[in-house]
Amino acid sequence: MLKAEINELLTQTGPDAPMGELFRHYWLPALLAEELPEPDSPPVRVKILSERLIAFRDSEGRYGLIDEFCAHRGASLWFGNVRECGIRCAYHGWKFDVNGNCLDVPSEPENSNFKSKVRLTSYPLVKVGDILWTYMGDRESQPPLPEFEFCQVPSEQTYTSKRWQESNWLQALEGGIDSSHVSWLHSGGLKNDPLFKGAKGNQYNLNDLRPFFEVAEADGGLFVGARRNAEDGKYYWRITPWVMPAFTMVPPRGDHPVHGHFWVPIDDYNCWVYTFDYHPTRALTKDEVDHMKAGHGVHSRNIPGTYRPEENKDVDYLMDREAQRRGETFSGVRGIAQQDASLQESMGPIVDRTKERLVSSDTGIIKARQKLRKAVEALRDEGVTPPGVDPAHHRIRSAAIVLPQEESFIEACRDALTAKPGVAHVSV
Amino acid sequence: MKPILANSCAHAATAEEARFRITREIGSRAALILALDADAADVVDRVAERPWGAARFFHADGLSTQQLESELEDADVAIMVATADADGEAAAEIARACAERGIMTAGLILGDHLQVAAAVAALRPYARNLMVTTDEDDVAEVLRALRA
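Line by line, the protein sequences are chains C and V. Following my numbering, the residues of the first sequence are numbered contiguously, the last one being 428. Following my numbering, the residues of the second sequence are numbered contiguously, the last one being 1148.
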């Protein structure tokens, strides 16, 4: 459990909140590159850390992320026209460039310099991999671009989707750290999902529903190891990395692509979940990508034209009691992504952590909260740059491996847990 | 699709409603905290000075088998705290006694990975949940999170 004030500290991410300030030290996914596919694409509304912004791509292909609302009367620029290297407000025609500079105020005399005094807030928007990333902090502290492996490999080796989750970011992230729910909530997926099935490691998972857990600190966050018994007195380890504040990876299965998530606060009651799959050494097959697009693996099946999952709150997640009875799904909800989201949304928009009864298998969550709290306090009180900002912290991997009992996963897997271009991931 | 009534669907999970959830009182967890070596004993002694609910603190080397079994009678969880010099035999004895009674075991190992590797290997078979940390505060943090 957490004290109410610590729960508030970790879950509030608006502009004045200490956790919001922490998030503003990182490059964050703002939208998928597919949302602005070409120059002069229609603008996209983006809400991050409770701040409403508009993303657009000008006639020369430059990306911009600026205040959503026109400096004139506060109308949304989402209605605006993107053309001739700017976005023009649909209300009175004021025009802005990708840096938020006002280019034209049509009601003013042609030789007026009034426009030079008008500027909207703007943030950098940069394409790395399939994602457009933004940095919303102090420009002087802007770190180098992110170097997570999923957005560094060639484009044919990676796929990213996103989905809207109607809960605070922290309870979504905690699901990514909490390995103990997998054998229950996602038990159906190990047998049936085309992006999981067939791996030898699945049998270890299904044969041992009471894994042991080991939590170890990493420079950028944590490694959480779940171990189960393997043959010949060895242990089967699944190792989940967390990079602060909001990046997690799932341990791989066989030669399937490896996947993970980035959990980005929209506001305090909603978050975007960016979900990726990549393979370090080969292109994803058409079948694999088709399965990802269809919502298999850890991706969601979204309502066409939106990033809202079909299994959402308004339709009770398309609960299927028959599938639950048959044992195809444990919760009656289809798909791993929405199995997680449905449970996490059911906890309420911001779960009251003063009422929890944690157990010792929740050690990973306990440690993650402590690291977040300490990082927020160190930044707020002493200006200390938080872990996970340095791109060196991004070059990690998850792993699934069988080890002799006496070996420490953190030592034995030092190489396996480090991203190396062109080297396959360690997987069973 | 069946019609979904507002009061029976997940959409009722508002922030306002969530304030009234889980209204039964939540009691303390009976936790036994056992130091497995001298340095760990110093840490445990410092943590024990803070106010706790149902947590009880011991040095493993000062606890007879009989005392251990007596203390475990009403325990919910046994948390072993160790540093590089952890006593693996003591951990084994505690773990055996816990296993017989269905009591969950956890281990907190304080120190750098390389320095405490032997202690981690000694505790691994006996603690269902292990945390290796350089931060002494984690002992209190875990106890608070568990409502000890």
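We put the CB at the ideal spot given by N, CA and C, even for glycine.
| message | I want to know whether the stretch 279 to 290 of chain C touches the stretch 177 to 189 of chain C - three or more CB-CB distances under 8 angstroms. | response | no
| Span separating the alpha-carbon of S360 of chain C from that of I1103 of chain V | For the purposes of this step, residue 360 of chain C is taken as residue 360 along the first sequence, with counting starting at 1. For the purposes of this step, residue 1103 of chain V is taken as residue 103 along the second sequence, with counting starting at 1. Roughly 11 angstroms between the two C-alpha positions.
| task | Tell me whether F1058 of chain V is buried or exposed, calling it buried when 16 or more other Cβ atoms sit within 10 Å of its Cβ. | result | Within the second sequence, numbered from 1, the residue matching residue 1058 of chain V stands at position 58. Of the other Cβ atoms in all chains shown, 16 or more fall within 10 Å of the Cβ of F1058 of chain V; this residue is therefore buried.
| request: Using 6 angstroms as the cut-off, classify the Cβ of V1142 of chain V as near or not near the heavy atoms of the ligand ADP, replying yes or no. | output: The ligand ADP is not part of the structure shown, which contains no ligands of any sort.
| Separation of E310 of chain C from M1001 of chain V, as counted between CA atoms | Start at 1 with the first residue of the second sequence, and residue 1001 of chain V comes out as number 1. Start at 1 with the first residue of the first sequence, and residue 310 of chain C comes out as number 310. Any answer about M1001 of chain V is weak, because its pLDDT of 49 lies below 50 and its placement is not dependable; what the coordinates show is given next. Cα-Cα distance, rounded: 13 angstroms.
| field | Given 8 angstroms, three or more beta-carbon pairs between the stretch 44 to 54 of chain C and the stretch 126 to 141 of chain C | value | yes
| Pairwise C-alpha distance: A416 of chain C and F150 of chain C | Translated into the one-based positions of the first sequence, residue 150 of chain C becomes position 150. Translated into the one-based positions of the first sequence, residue 416 of chain C becomes position 416. For F150 of chain C and A416 of chain C, the distance between alpha carbons rounds to 16 angstroms.
| request: Show which residues of chain C have a CB atom less than 9 angstroms away from the CB atom of V1044 of chain V. | output: Taking the second sequence and counting its residues from 1, the one referred to as residue 1044 of chain V is at position 44. Near V1044 of chain V there are no residues of chain C at all, since even the closest Cβ is about 17 angstroms away, more than 9 angstroms.
| Cβ-based neighbour list, S238 of chain C, same chain, cut-off 6 angstroms, excluding 5 preceding and 5 following | Mapped onto the first sequence, residue 238 of chain C falls at position 238. Before going on, a small fix: residue 238 of chain C reads as Arg here, not Ser. Here the set comprises A226, P251 and A400.
| request: Could you spell out the range, first to last residue, of the beta strand (DSSP E) harbouring P265 of chain C? | output: What you label residue 265 of chain C is simply residue 265 of the first sequence in a count that begins at 1. Here the beta strand (DSSP E) through P265 of chain C covers V258 to D267.
| Since P433 of chain C sits in a beta bridge, which residues does DSSP pair it with? | Here chain C covers residues 1 to 428 and nothing more, so residue 433 of chain C does not appear.
| Which residue comes first and which comes last in the beta strand (DSSP E) that contains I66 of chain C? | Here residue 66 of chain C corresponds to residue number 66 of the first sequence, with the count starting at 1. Y63 to D67 is the extent of the beta strand (DSSP E) around I66 of chain C.
| request: Would you mind sorting P124 of chain C into buried or exposed? The rule is 16 or more other CB atoms within 10 Å of its CB. | output: Along the first sequence, read from residue 1 onward, the residue named residue 124 of chain C stands at position 124. The residue in question, P124 of chain C, is buried, as its Cβ has 16 or more Cβ neighbours within 10 Å.
| Among C:E108, C:G86 and C:E110, the one whose alpha carbon lies nearest that of N99 of chain C | Numbered from its first residue, the first sequence carries residue 99 of chain C at position 99. When only C-alpha atoms are compared, the closest one is C:G86.
| query | What did DSSP end up calling S155 of chain C once you bin it into helix, strand or coil? | reply | To locate residue 155 of chain C, count along the first sequence from 1; it is residue 155. In the three-state scheme derived from DSSP, where H, G and I count as helix and E and B as strand, S155 of chain C is classed as helix.
| field | Residues that Q370 of chain C contacts on chain V, provided the C-beta gap is smaller than 8 angstroms | value | Within the first sequence, numbered from 1, the residue matching residue 370 of chain C stands at position 370. Ordered by position in chain V, the residues that pass the 8 angstroms Cβ test against Q370 of chain C are D1135, D1137, D1138 and E1141.
| Under three-state DSSP, which class holds M1001 of chain V? | Taking the first residue of the second sequence as 1, we reach residue 1001 of chain V at position 1. Unreliable positioning characterises M1001 of chain V in this predicted model, as indicated by a pLDDT of 49, which lies under 50. The coordinate reading is nonetheless provided below. Coil at M1001 of chain V, not helix or strand.
| query | When DSSP labels each residue in this structure, what does C413 of chain C get in the three-state scheme? | reply | Position 413 of the first sequence holds residue 413 of chain C. The three-state reading of DSSP puts C413 of chain C in coil, since its state is none of H, G, I, E or B.
| field | chain C contacts from the stretch 1071 to 1082 of chain V (Cβ-Cβ distance under 7 angstroms) | value | V1077
| message | Starting from I177 of chain C, trace the alpha helix (DSSP H) in both directions and tell me its first and last residue. | response | Position 177 of the first sequence, counted from the first residue, corresponds to residue 177 of chain C. Note, I177 of chain C: alpha helix (DSSP H), W169 to I177.
| request: Express the C-alpha separation of L145 of chain C and R1147 of chain V in angstroms, rounding to a whole number. | output: The residue labelled residue 1147 of chain V in the question sits at position 147 within the second sequence. The residue labelled residue 145 of chain C in the question sits at position 145 within the first sequence. About 41 angstroms.
| said: Mapping the DSSP letters down to three states, classify I51 of chain C as helix, strand or coil. | reply: Position 51 of the first sequence, counting from 1, holds the residue named residue 51 of chain C. Per the sequence shown, the amino acid found at residue 51 of chain C is Glu instead of Ile. Correct three-state label for E51 of chain C: strand.
| K367 of chain C versus A75 of chain C - alpha carbon distance | Position 367 of the first sequence, counted from the first residue, corresponds to residue 367 of chain C. Position 75 of the first sequence, counted from the first residue, corresponds to residue 75 of chain C. Approximately 44 angstroms between the Cα atoms of the pair.
| Quick one: which chain V residues come within Cβ less than 8 angstroms of D97 of chain C? | Position 97 of the first sequence holds residue 97 of chain C. Those within 8 angstroms of D97 of chain C in chain V number zero; the least Cβ separation is about 39 angstroms.
| task | Would you decide whether W184 of chain C is buried or exposed? Buried here means 16 or more other CB atoms lie within 10 Å of its CB. | result | Counting from one through the first sequence, the residue named residue 184 of chain C turns up at place 184. Exposed, by the Cβ-count rule.
| query | In three-state terms, what does DSSP make of E231 of chain C? | reply | Numbered from its first residue, the first sequence carries residue 231 of chain C at position 231. When secondary structure is reduced to three states using DSSP, E231 of chain C falls in the coil class, being assigned neither helix nor strand.
| task | Name, going along the chain, the residues of the stretch 1047 to 1066 of chain V whose beta-carbon falls closer than 7 angstroms to a beta-carbon of chain C. | result | Cβ proximity to chain C below 7 angstroms picks out nothing from the stretch 1047 to 1066 of chain V.
| said: With a threshold of 7 angstroms between beta-carbons, can I410 of chain C be considered close to chain V, or not? | reply: Working through the first sequence from its first residue, we reach residue 410 of chain C at position 410. Chain V contact via Cβ: present.
| Taking 7 angstroms as the CB-CB limit, is I1022 of chain V close to chain C? | Locating residue 1022 of chain V in the second sequence gives position 22, where the first residue counts as 1. Closer than 7 angstroms: yes.
| Alpha-carbon to alpha-carbon, Y1126 of chain V and H393 of chain C | Locating residue 393 of chain C in the first sequence gives position 393, where the first residue counts as 1. Locating residue 1126 of chain V in the second sequence gives position 126, where the first residue counts as 1. Cα to Cα, the separation comes out at about 32 angstroms.
| query | Hey, would you say V264 of chain C sits closer than 7 angstroms to P43 of chain C, going by beta carbons? | reply | Your numbering for residue 264 of chain C matches position 264 in the first sequence. Your numbering for residue 43 of chain C matches position 43 in the first sequence. No, these two residues do not count as a Cβ contact at 7 angstroms.
| query | If you follow the beta strand (DSSP E) that M1131 of chain V is part of, which residue opens it and which one closes it? | reply | Position 131 of the second sequence, counted from the start, is the residue given in the question as residue 1131 of chain V. Note, M1131 of chain V: beta strand (DSSP E), N1129 to T1133.
| query | Can you list the residues of chain V that V215 of chain C reaches, using a CB-CB cut of under 9 angstroms? | reply | Numbered from 1 along the first sequence, position 215 holds the residue referred to as residue 215 of chain C. The contacting residues are N1129, L1130, M1131, V1132 and T1133.
| said: Can you check whether the C-beta of S361 of chain C is within less than 7 angstroms of a C-beta belonging to chain V? | reply: Numbered from 1 along the first sequence, position 361 holds the residue referred to as residue 361 of chain C. At least one chain V Cβ lies under 7 angstroms of S361 of chain C.
| query | Taking the C-alpha atoms as reference points, what is the distance between R163 of chain C and E377 of chain C? | reply | Here the question's residue 163 of chain C lines up with position 163 in the first sequence. Here the question's residue 377 of chain C lines up with position 377 in the first sequence. Between R163 of chain C and E377 of chain C, the C-alpha separation is close to 30 angstroms.
| field | Contacting positions in the stretch 342 to 357 of chain C - beta carbon closer than 7 angstroms to chain B | value | As a matter of chain content, chain B is missing from the structure shown, whose protein chains are C and V.
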